[in-house]
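Read the structure below first, then the notes.
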């Protein structure tokens, strides 16, 4: 705390303590107001301007310091100055005093609150920025809310001072008028309850609801304006409750939810059911990783006293295994299954004609609501000498029949790292190029470094902080010229895979007709309820972001379907607070919630507790030497802010932390849970034990030692 704050706190403490020490509040009682009324009137008549200024300053001081007595001073103003002059004095004095209290709260406490509560407080500020004036006006119009608490609470937010002032000036006017009018009849008042009776309080409360009703009316007007150009196309009746475009994870779950609650739903897919996850993403990549991991285990089997010859990889059979995995899972996402669930499935190119109409296969369908779940596709750069078509992507590499001998992988994110390690373990000579100085740039460097060390140990050539200068076609394939800092180098490859990002699918199915709003990265802009500019049209999954994860799309899909079908009764905001993510390298890197990098960027105070998985009995038996668990908690508390695990089966181990965060369980609960021995899951208990040891009541320990010594000698 700087000197200015220290001085302010001391000054406030002196003034407020003096108020109570010298019983100054006794002067601001109803009985005293009545007793002093006549003498004060005489003073005002002798010096009206000076008396008005003194009264104004006193009122500002009481309000600014949140001292008791404002109600009595307001009453007294009516008795002393008459209704209209008192209304002017009190209206401005109360608003100025409230604004000073607002600024004091901001000066003394806002930085501390912002640092301590970080992202959660950021969300509050976003709400205040959007709807703050409405809520402040509502609170000002309802007298049951203590005004001084409103002043202090809003001072912690990012609300503009001028907004706070004018809303307060307007909102407090009516209540001030009631008190002043009562004050003109001060002699007849026996208690403050005579002024604000139950009927008046109810009337004020109903009046206070007016801003919320006004907000609703404004929302209806805005929606009407959005739909204005389409009103002549809106059908009087709808064929369907919901149309879902795209049968990936987000689309499938949206359709499933709708069918489960007996809504009439149509699912449109132009290509294959299951989307990227089944056909080109999660399923084939994990099948490839499994094959590569098996080859690696065989090659390393001598660690366990086993001997084997060199591993021979039949790449065609590896790819056959990959495609068999897709075939085995296809029935789960098939047209047959979803038709049995009650979903109308149509294969064809959807064209959105209006907010309520979709054309597919020469038929036009109408719906009350629509979910866009069209996914994304890999982005491929073009370099001097080569075109985008020269690159494989995570979508197209599954067509490979021949294993590349020398491979370039662009991109050090999860997909790039997984593919680089897999191809390397299958026998390819792999170069992985990443523009940043770190793999998995969103993760903490100590965690991503463990993955990088293993990739390097496996034989992947890592080029971090590097960029492609140009690529030349050769008879054998390609010569890649790169720059890393001040150094340049080149190498030969016969195959290239781009894994540097994905772009949302927003073209080719009529979205341009709706003129939706988009984010800077090309995804569709949605609100907290996953609604687009048109409230009846929702977007989920990769096309909406912010996370390109199958389970994130499914999570969004539940919210979109429920909000679409039942939003007239209740809407649910989507939350990503406990959203897990896993990079399926070896070791795996799994995370839920915040890591150190994000917590520091958001200004959140935290503690870190670590445990080395290599110290675990099961890890030692399985010869897993490296790995860690890192848990972030609130300072001094066991509340979990986030957890990162690097090690074998990290994705499975992470579930315990995801559950704990979702249901508000802390490390003490994990420590009290029995974990089977010997398992890797014990690592979660051990990290909780590390936290407990660090927070042991040290001052109590000498007394416990004395207690036990006393018992021995008793």
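Residue numbers (UniProt numbering): 1 to 714.
Heads up, the beta-carbon is just placed ideally off N, CA and C, and yes, glycines get one too.
Here's the rule I'm using: 16 or more other beta-carbon atoms within 10 Å means buried, otherwise exposed. How should residue 332 be labelled? For the purposes of this step, residue 332 is taken as the residue at position 332 of the chain shown. Its Cβ having fewer than 16 others within 10 Å, residue 332 is exposed.
Length of the line joining the Cα atoms of residue 724 and residue 267: What the structure shows of the chain is the stretch from 1 to 714, and residue 724 is not part of that stretch, so it cannot be assessed.
Burial state of residue 517 (16 or more Cβ within 10 Å): Residue numbering aside, residue 517 sits at position 517 when the chain shown is read from its first letter. Flag for residue 517 reads exposed.
Under a Cβ-count criterion, where at least 16 other Cβ atoms within 10 Å of its own Cβ denotes burial, should residue 591 be classed as buried or exposed? By 1-based counting over the chain shown, the position of residue 591 is 591. So residue 591 counts as buried.
For residue 662, does the count of other Cβ atoms within 10 angstroms reach 16, so buried, or fall short, so exposed? Walking along the chain shown from the start, residue 662 turns up at place 662. So residue 662 counts as exposed.
Starting from the Cα of residue 615, find the closest Cα among 657, 686, 713 and give me that residue. Against the chain shown, residue 615 aligns to sequence position 615. Nearest option by C-alpha distance: 686.
Note down, one range per segment and in chain order, each alpha helix (DSSP H) of at least 4 residues found wholly within the segment 408 to 435. Correct list: 414 to 425.
Minimum length 4: unbroken alpha helix (DSSP H) runs contained in the segment 38 to 102: 48 to 64, 70 to 81, all fully within the segment 38 to 102.
Can you tell me whether residue 457 is buried or exposed, with buried defined as 16 or more other CB within 10 angstroms of its CB? Taking the first residue of the chain shown as position 1, residue 457 is located at position 457. With a threshold of 16 other beta carbon atoms within 10 Å, residue 457 falls short and is exposed.
Roughly how many angstroms lie between the CA atoms of residue 200 and residue 179, to the nearest whole one? As a first step, residue 200 must be located in the chain shown, where it is residue number 200. As a first step, residue 179 must be located in the chain shown, where it is residue number 179. Bear in mind that the predicted position of residue 200 carries a pLDDT of just 45, short of 50, making it unreliable; the figure below should be weighed with that in mind. If you draw a straight line from the Cα of residue 200 to the Cα of residue 179, it comes to about 12 Å.
With 16 other Cβ atoms within 10 Å as the buried cut-off, status of residue 702: Here residue 702 refers to the residue found at position 702 when the chain shown is read from its first residue. Taking every protein chain shown into account, the CB of residue 702 has fewer than 16 other CB atoms within 10 angstroms, so this residue is exposed.
What are the boundary residues of the beta strand (DSSP E) that includes residue 473? Within the chain shown, numbered from 1, the residue matching residue 473 stands at position 473. Where residue 473 is concerned, the enclosing beta strand (DSSP E) starts and stops at 466 to 473.
Determine whether the beta carbon atoms of residue 430 and residue 451 lie at a separation below 7 Å. On the chain shown, residue 430 is found 430 positions in, with the first residue counted as 1. On the chain shown, residue 451 is found 451 positions in, with the first residue counted as 1. Contact flag unset, no.
Going by DSSP, name the residue or residues bridged to residue 378. Stepping through the chain shown from its first residue, residue 378 is reached at position 378. Answer by DSSP bridge pairing, in chain order: 502.
Under the rule that 16 or more other beta-carbon atoms within 10 Å means buried, what is residue 511, buried or exposed? Residue 511 sits at position 511 when you count from the first residue of the chain shown. With 16 or more other Cβ atoms from the protein chains shown falling within 10 Å of its own Cβ, residue 511 counts as buried.
Quick one: grab the DSSP three-state call for residue 351. Numbered from its first residue, the chain shown carries residue 351 at position 351. Here residue 351 sits in strand by DSSP.
Rounded C-beta distance between residue 104 and residue 64? I'm assuming under 8 Å. Residue mapping note: residue 104 aligns to position 104 of the chain shown, counting from 1. Residue mapping note: residue 64 aligns to position 64 of the chain shown, counting from 1. The Cβ separation is near 7 Å, so the contact holds.
Straight-line gap, residue 454 to residue 161 (C-alpha atoms, nearest Å): Indexing the chain shown from 1 puts residue 454 at position 454. Indexing the chain shown from 1 puts residue 161 at position 161. Between residue 454 and residue 161, the C-alpha separation is close to 54 Å.
Going by beta-carbon coordinates alone, are residue 101 and residue 51 separated by less than 7 Å? Sequence index remark: in the chain shown, residue 101 carries index 101 (1-based). Sequence index remark: in the chain shown, residue 51 carries index 51 (1-based). No, these two residues do not count as a Cβ contact at 7 Å.
Quick one: what's got a C-beta closer than 7 Å to residue 188's C-beta in the same chain, skipping five residues either side? As a working note, residue 188 is residue 188 in the chain shown. Below a pLDDT of 50, predicted positions are generally treated as unreliable, and residue 188, at 48, falls in that range; no measurement from the model is reported.
Among residues of its own chain, excluding the 5 on either side of residue 388, which ones have a beta-carbon nearer than 6 Å to its beta-carbon? For the purposes of this step, residue 388 is taken as residue 388 along the chain shown, with counting starting at 1. Within the same chain, residue 388 has close Cβ partners 380, 382.
For residue 588, the three-state DSSP class (helix, strand or coil): For this step, residue 588 is matched to residue 588 along the chain shown. In the three-state reduction of the DSSP assignment, residue 588 falls in the strand class.
Who are the Cβ neighbours of residue 318 in its own chain at under 6 Å, not counting the five residues just before and after it? Taking the chain shown and counting its residues from 1, the one referred to as residue 318 is at position 318. In chain order, 291 place their CB closer than 6 Å to the CB of residue 318, counting only its own chain and leaving out the 5 sequence neighbours on each side.
Separation of residue 129 from residue 46, as counted between CA atoms: In the chain shown, counting from the first residue as 1, residue 46 sits at position 46. In the chain shown, counting from the first residue as 1, residue 129 sits at position 129. Roughly 48 Å between the two C-alpha positions.
What are the residues that DSSP puts in a beta bridge with residue 632? Within the chain shown, numbered from 1, the residue matching residue 632 stands at position 632. In the DSSP output, where bridge partners are listed per residue, residue 632 has 608, 642.
Quick check on residue 519: does DSSP put it in helix, strand or coil? Counted from its first residue, the chain shown places residue 519 at position 519. Looking at residue 519 - three-state DSSP - the assignment turns out to be coil, as it is neither helix nor strand.
Would residue 603 and residue 639 be called neighbours here (beta carbons separated by less than 7 Å)? As a position in the chain shown, residue 603 is number 603, starting the count at 1. As a position in the chain shown, residue 639 is number 639, starting the count at 1. Cβ distance not < 7 Å, so residue 603 and residue 639 don't count as in contact.
Segment limits, beta strand (DSSP E) that includes residue 583: Reading the chain shown from its first residue, position 583 is the one you call residue 583. Residue 583 -> beta strand (DSSP E) spans 580 to 583.
Can you tell me whether residue 711 is buried or exposed? The criterion is at least 16 other CB atoms within 10 Å of its CB, across all chains shown. Counting from one through the chain shown, the residue named residue 711 turns up at place 711. With fewer than 16 Cβ atoms within 10 Å of its Cβ, residue 711 is classed as exposed.
C-alpha distance - residue 42 paired with residue 73, whole-angstrom precision: The residue you call residue 42 lines up with position 42 of the chain shown. The residue you call residue 73 lines up with position 73 of the chain shown. Their Cα atoms are separated by approximately 17 Å.
If the criterion is Cβ atoms closer than 7 Å, does the pair residue 378 and residue 362 meet it? Here residue 378 is taken as the residue at index 378 of the chain shown, counted from 1. Here residue 362 is taken as the residue at index 362 of the chain shown, counted from 1. Not a contact, by the Cβ cut-off of 7 Å.
What are the boundary residues of the beta strand (DSSP E) that includes residue 576? As a working mapping, residue 576 is identified with position 576 in the chain shown. Annotation: residue 576 is outside any beta strand (DSSP E) and is labelled neither H nor E by DSSP.
Buried or exposed: residue 308, going by 16 or more other Cβ atoms within 10 Å of its Cβ? Residue numbering aside, residue 308 sits at position 308 when the chain shown is read from its first letter. By the C-beta density criterion, residue 308 is exposed, having fewer than 16 other C-beta atoms within 10 angstroms.
Between residue 237 and residue 674, what straight-line distance do the alpha-carbon atoms span, to the nearest angstrom? Your numbering for residue 237 matches position 237 in the chain shown. Your numbering for residue 674 matches position 674 in the chain shown. The alpha-carbon of residue 237 is positioned some 57 Å away from that of residue 674.
Per DSSP, what are the beta-bridge partners of residue 370 in this structure? Here residue 370 refers to the residue found at position 370 when the chain shown is read from its first residue. BP columns for residue 370 point to 243, 537.
Please state the DSSP three-state secondary structure of residue 568. As a first step, residue 568 must be located in the chain shown, where it is residue number 568. DSSP places residue 568 in coil when its eight states are reduced to three.
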